[in-house]
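Notes follow the structure.
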Amino acid sequence: MESLTLLCSPTPEANAIWTIRMIKGSDVETITEDDLVAFVKSVFRLAMIEKSKRDKTSDSTFDMVDRSLQNVAIYRSHGTFKALDKDGNGYICKSDFVNFFQQNDYLDPIFMKSYTRLKIR
Numbered sequence: 001m002e003s004l005t006l007l008c009s010p011t012p013e014a015n016a017i018w019t020i021r022m023i024k025g026s027d028v029e030t031i032t033e034d035d036l037v038a039f040v041k042s043v044f045r046l047a048m049i050e051k052s053k054r055d056k057t058s059d060s061t062f063d064m065v066d067r068s069l070q071n072v073a074i075y076r077s078h079g080t081f082k083a084l085d086k087d088g089n090g091y092i093c094k095s096d097f098v099n100f101f102q103q104n105d106y107l108d109p110i111f112m113k114s115y116t117r118l119k120i121r
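Under UniProt numbering, the first residue of the sequence shown carries the number 1, and numbering increases by one thereafter.
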């Protein structure tokens with residue numbers, strides 16, 4: 001029930017909680033870079049699996065493209081993590097996400113309104 005409340009109330013805090021739960025799969029206060037990399041890799045891999053099914057891609061082609069996409073996922077995750085880990089402690093805390101969602105237009109998970117691109121220094 002609480003998850004539905006979070007989706008219906010797209011405040012910066014609700015978005016932070018929702019984002020951490022999506023990445024980590026549980027109620028925690030922080031995520032590590034490894035957590036973020038694993039999450040982004042899995043998203044890229046799922047997208048690739050769906051595309052390979054539609055295009056009837058061979059296994060060898062799939063493996064080659066998959067390795068390449070996994071490297072892209074690592075690169076993007078690293079940049080995103082650096083931008084969100086403001087204090088450089090090696091964790092993205094709920095407060096880091098709240099600050100991000102307060103400073104940027106936030107993502108409305110119901111209507112999927114886009115948010116301002118993450119600015120990386």
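Note that CB positions come from ideal geometry on N, CA and C, so glycine has one too.
Every value quoted in this text rests on a predicted model; they were computed, and no experiment measured them.
Please classify residue i: does DSSP put it in a helix, a strand, or coil?
{"i": "Thr11", "result": "coil"}
Counting C-beta neighbours from all protein chains within 10 Å, is the total for residue i 16 or more, i.e. buried, or is it exposed?
{"i": "Asn15", "result": "buried"}
{"i": "Thr11", "result": "exposed"}
{"i": "Ala73", "result": "buried"}
{"i": "Asp34", "result": "exposed"}
{"i": "Ile17", "result": "buried"}
{"i": "Ser77", "result": "buried"}
Going by the CB atoms, is the gap between residue j and residue i shorter than 8 Å?
{"i": "Lys41", "j": "Gln70", "result": "yes"}
{"i": "Tyr75", "j": "Thr32", "result": "no"}
{"i": "Phe97", "j": "Thr30", "result": "no"}
{"i": "Phe100", "j": "Leu84", "result": "yes"}
{"i": "Phe39", "j": "Ile23", "result": "yes"}
Going by C-alpha distance, which of the options is nearest residue i?
{"i": "Val37", "options": "Thr80, Val28, Asn89, Gly88", "result": "Thr80"}
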